[in-house]
Structures are given as structure tokens and as C-alpha cells.
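Only one structure is covered here, and it is reproduced in the block below.
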Amino acid sequence: MAFTMHSHSGQFCPGHAKDQLEDVVKYAISRGYTTMGLTEHMPRTGVEDLYPEELDDPQASLAALFPRHDAYLAEAQRLRDAYTGQIHILVGFEGEWLREEYAALVLDLASHPAIDYFIGSLHHVNGIPIDFDKAFYQRALESVQVPPGAAVSAPTEEHMYERYYDQQYDMLRAQRPRVVGHFDLIRLLSADPARDIRAAGWDGVWSRIVRNLEFVASYGGWLECNSSALRKGLAEPYPSRQVATEWLRLGGKFTLSDDSHGIAQIGTNYARAIDYLESLGVKSVWTFQRVAGQTSEDGKAVLTDREVPFEDVKAVVSKW
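Residue numbering for the sequence shown follows the UniProt record's numbering, starting at 1 and increasing by one per position.
Following this line, the structure appears as C-alpha cells:
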């Protein structure tokens with residue numbers, strides 16, 4: 001059994017994803033996926049939140065976001081029903097946290113009866129993207145305030161990491177997502193993505209990481225093992241070995257995600273991601289299962305947690 005809990009399509013994520021959502025689903029079926037979480041990006045609320053490819057006509061881009069989300073939900077439900085005998089489709093979205101005001105919007109979007117879950121992600125520091133390119137990363141770094149009493153006058157990456165994990169903590173407390181997206185995305189464009197946080201003496205960063213992990217564990221959230229880090233050139237998936245080891249020490253569970261942005265990325269580097277988790281002593285990953293014919297008082301489908309042994313995943317991945 002192969003699956004992903006994090007995926008995108010060019011139909012509903014134009015600009016940096018490809019392909020129609022139905023084609024993505026059909027290809028996933030052909031690859032042997034039996035569960036697929038559809039998690040298009042949530043709509044954003046301000047022109048200042050737009051990406052460069054959306055700025056040719058910013059007002060039109062902004063006005064299109066909420067109708068596009070509604071169209072996505074309609075199409076996701078249609079595909080869920082149309083392919084119900086071939087693949088188990090979970091309908092979700094990927095949350096954003098650009099400002100505290102996003103907390104209410106995420107929870108409102110998550111209350112829709114069609115939504116099974118959402119991914120709690122942080123792609124920004126102080127509202128500036130940290131994973132788009134080096135220029136934006138540098139802008140985010142320069143936006144960070146130097147802590148009082150610091151020995152330097154300009155912000156460092158250590159300060160930026162601290163800010164990232166503080167904002168992530170705010171997101172986690174406000175939203176309590178069952179799935180936490182690419183926990184340590186901050187390292188993608190950093191000067192040293194493989195940096196050992198503890199060996200570097202970044203005690204403030206490490207204490208924040210542990211605090212955040214403890215909080216996720218306290219409410220039963222999962223971290224995704226996100227293989228997209230590997231196709232982007234990192235040596236390890238998200239989260240890094242250091243973070244993953246601490247998560248496991250806390251009794252935490254992993255789900256599995258390719259974070260695909262189109263057909264070409266479905267299942268990319270899953271064999272490496274599985275090897276990585278197995279090297280940590282992990283024997284299974286987790287997903288959700290919709291309970292047929294059951295709904296809760298709010299009209300949502302009832303979900304159960306499903307454990308998937310690696311033997312089942314590898315039986316599919318080994319054929320790719």
C-alpha cells in the first residue's frame with residue numbers, strides 16, 4: 001500500500017505545480033497508490049501575500065483565490081466519488097501562517113463538511129517566504145529582530161531559526177493540525193541545511209524544536225516524512241535525523257508524503273525516504289481511513305487512524 005498525505009496540482013496551484021487534478025489522481029492509481037490526500041494550498045487574503053508569478057495583475061490574482069478553493073473542493077469530492085473503487089481519496093488543504101489572523105481562516109476552512117484534515121505548514125518568517133528563492137530567504141532573514149543583549153547588530157540565521165520555530169509554535173497552538181508539514185523547512189535555503197543544531201551551540205533553536213515537538217505529541221499530531229526535500233537537493237527528508245530522533249523519543253508517529261506538485265513528482269524518492277525512516281528504527285507510517293457510511297454531528301466523515309507497515313509500502317515502491 002503506497003500513499004501520500006500531501007499533494008498539489010497545476011489546476012488548483014497554478015504557477016508552481018503542473019497537471020490537472022484528475023490526471024494526478026489517475027497517475028497515482030497507475031503507480032499503485034491506494035490512498036491519496038489532496039491538499040491544495042489554502043487561499044491567501046492580502047496582495048502582500050502573493051508570489052511573484054501572481055503579481056502581473058495582483059488584484060485579479062487575489063480575487064481568484066477563494067473561488068479557486070471552492071472549485072477545488074467540488075472537484076475533489078467528485079474525484080473521491082468517481083474513483084472510490086480504485087483509490088481512497090482524502091480531501092484536505094495545506095494551511096498557511098503568514099499572520100495570526102490566518103488562524104481563524106484556517107479553522108473556518110477546515111470546518112467545511114468535505115474537509116477530512118488539513119496540513120499545518122509554515123512557509124514564511126514574518127510574512128516573507130523562506131522556501132521560494134535565496135532573495136526572499138535573505139529578505140526574511142533581514143526582517144528578524146536581533147534579540148536584546150545579542151553580541152551582533154545584524155540578525156543571523158540562528159535568530160531566524162528561533163523566529164521560525166516561535167511562529168510555528170503559534171501556528172501549532174492555534175490550529176492543532178493532525179498533520180504537521182515539513183517541520184524543518186527553514187533549513188532548505190539555509191547556508192548549511194545539514195547543520196547539527198546542538199553541535200552548533202544553537203541552544204535557543206533546539207529548545208524551541210523540542211517545545212514544538214512536545215506540543216504536537218501532546219495532542220496526537222503526526223509529522224510527515226516529506227520526501228520533497230530529497231528532490232530539492234537535501235541529504236535527508238523533512239524532518240532531519242536530529243529532529244526525527246527527538247520526535248521518536250517522544251513516541252511520535254510519522255505519516256508519508258511526496259509533496260508532489262504534479263504527475264512527475266508522485267512517489268519521488270520514496271525508496272530513499274523509507275530507508276531513512278527504517279534507519280531510525282521506524283517500522284510503519286500512518287494515514288487516515290474514512291469510515292464508510294458514518295458521519296459526525298458536524299456532517300464530516302468519521303476518520304480512523306490506519307497503521308501501514310513498511311512491508312506494504314515497499315511491496316508497491318519496489319515495482320517503480
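Built from N, CA and C at the ideal position, the CB exists for glycine as well.
Excluding five sequence neighbours on each side, which residues of the same chain lie with their C-beta closer than 8 Å to the C-beta of residue i?
i, result
"D133", "L189"
"Q59", "V47"
"L50", "R44, P58, S61 and L62"
"I87", "V25, A28, I29, Y33, T34, T35 and M36"
"I128", "F136, R139, A140 and S143"
How close, in whole Å, do the beta carbons of residue i and residue j come, if the pair is a contact with beta carbons under 8 Å?
i, j, result
"L250", "A217", "5 Å"
"G262", "V24", "7 Å"
"F3", "T287", "5 Å"
"H41", "E94", "5 Å"
"Y165", "N212", "6 Å"
"F12", "R68", "6 Å"
"residue 329", "L73", "Nothing can be reported for residue 329: it is not among the residues displayed for the chain, which extend from 1 to 320."
Tell me the DSSP bridge mates of residue i?
i, result
"F3", "T35"
"P129", "H124"
"N212", "DSSP, once it has assigned bridges, lists no residue as partnering N212."
"T255", "E224"
"S260", "S7"
"L303", "R290"
"E236", "None; E236 has no bridge partner."
"V179", "I119 and W222"
"residue 326", "Only positions 1 to 320 of the chain appear in this structure, which leaves residue 326 out of reach."
What are the boundary residues of the beta strand (DSSP E) that includes residue i?
i, result
"W286", "S284 to T295"
"Y117", "Y117 to G120"
"H88", "H88 to E94"
"L105", "Note, L105: premise wrong, no beta strand (DSSP E); alpha helix (DSSP H) at Y102 to A110."
Using a Cβ-Cβ cut-off of 7 Å (strictly less than) and excluding sequence neighbours within five positions of residue i, which residues of its own chain qualify?
i, result
"E162", "G204, V205 and R208"
"G37", "T4, M5, H6, S7, L90 and G92"
"A17", "H8, S9, G10, H261 and G262"
"D131", "H123, L185, L188 and L189"
"K232", "L188"
"F310", "I274, E278, K283 and S284"
"V243", "F183, D184 and I209"
"D196", "Q242"
"A271", "V317"
"A110", "F118"
"A200", "none"
If I follow the unbroken alpha helix (DSSP H) through residue i, where does it start and stop?
i, result
"E162", "E157 to Q175"
"L277", "Y270 to S279"
"W247", "R241 to R249"
"V316", "F310 to V317"
"L141", "K134 to S143"
"P29", "Per the sequence shown, the amino acid found at residue 29 is Ile instead of Pro. Segment L21 to S30, the alpha helix (DSSP H) holding I29."
"S195", "Checking the sequence shown, residue 195 turns out to be Arg, not Ser. Neither: R195 is in no alpha helix (DSSP H) and is coded neither H nor E."
"F66", "P58 to A82"
Compare the Cα-Cα distances from residue i to each of the options and report the closest residue.
i, options, result
"E236", "G267, T268 and A273", "A273"
"D116", "P239, V91 and D131", "V91"
"Q167", "G299, N226, A140 and F118", "A140"
"V308", "S296, I128 and K253", "K253"
"P177", "A135, K314, A191 and T255", "T255"
"H182", "D259, V302, D70 and Y276", "D259"
"G281", "Q294, E246, R306 and V291", "E246"
"N226", "A199, A301, V285 and W320", "V285"
"P193", "A199, L234, A103 and R173", "L234"
"A229", "P155, L223, P239 and W222", "P239"
"L303", "Y276, Q289 and E224", "Q289"
"P52", "P14, A71 and D70", "P14"
"L248", "I266, L79 and W222", "W222"
Closer than 8 Å to a non-hydrogen atom of the ligand SAM - does that hold for the CB of residue i?
i, result
"E214", "With respect to the ligand SAM, the structure shown offers nothing to examine, as it has no ligands at all."
Excluding the 5 residues preceding and the 5 following residue i in the sequence, name in chain order all residues of the same chain whose CB lies nearer than 6 Å to its CB.
i, result
"A76", "L38 and V91"
"residue 327", "Outside the shown range of the chain (1 to 320) lies residue 327, about which nothing can therefore be said."
"W97", "L122 and M171"
"V316", "A2 and G32"
"L55", "none"
"D312", "M1"
Does any residue of chain D have a CB that is nearer than 9 Å to the CB of residue i?
i, result
"G149", "The structure shown has no chain D; it contains just one protein chain."
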